[in-house]
Amino acid sequence: MSFSLQHLTCIRPVIFPIWHRPYVLLFEQILYDIMVKEVIPQFPEAHQASWREQAESWRLPLWDRARNGHVPDLAKYPTIQQQRHQAFHQPRYSASL
Numbered sequence: 001m002s003f004s005l006q007h008l009t010c011i012r013p014v015i016f017p018i019w020h021r022p023y024v025l026l027f028e029q030i031l032y033d034i035m036v037k038e039v040i041p042q043f044p045e046a047h048q049a050s051w052r053e054q055a056e057s058w059r060l061p062l063w064d065r066a067r068n069g070h071v072p073d074l075a076k077y078p079t080i081q082q083q084r085h086q087a088f089h090q091p092r093y094s095a096s097l
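Sequential numbering of the sequence shown, starting at 1, is according to UniProt numbering.
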């Protein structure tokens, strides 16, 4: 008997919501803990309260391709300038969709 991944496509949409949202929430919580415990303490004490306030309302960005079919403008730049004025490589710039 042969088996194909095509048979799983009808199952995937049903299972996806069950695990995806809890996974995203856990991932957000881990990133929040890293922000609060490791990143924010590296800033000058005068700025830490502001960063902590921002961390409280931070959520992982959602890119809903069904709503808007174009690539976000931020993903179109080869580098992104941070607030600390350090440029870093943008991995989505060279990715194809």
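Glycine included, every Cβ here is placed at the ideal spot set by N, Cα and C.
Residue i and residue j closer than 9 Å at C-beta
i: Leu60; j: Phe27; result: yes
i: Met35; j: Ala55; result: yes
i: Trp58; j: Ile40; result: no
Reduced DSSP category for residue i - H, G, I as helix; E, B as strand; rest coil
i: Met1; result: Residue confidence for Met1 is low, a pLDDT of 47 falling below 50, so the modelled location carries little weight; the figure read from the coordinates is stated next. In this structure, Met1 counts as coil in the three-state DSSP scheme.
Cβ neighbour criterion (16 or more within 10 Å) applied to residue i
i: Met1; result: Low confidence applies to Met1: its pLDDT is 47, below 50, so where it sits in the model is not reliable, and the reading given next is rough at best. Exposed, because fewer than 16 other Cβ atoms sit within 10 Å of the Cβ of Met1.
i: His20; result: exposed
Problem set entry | Contiguous alpha helix (DSSP H) assignments of at least 4 residues, all confined to the UniProt domain "Tyrosinase copper-binding" (14-76) | 45-57
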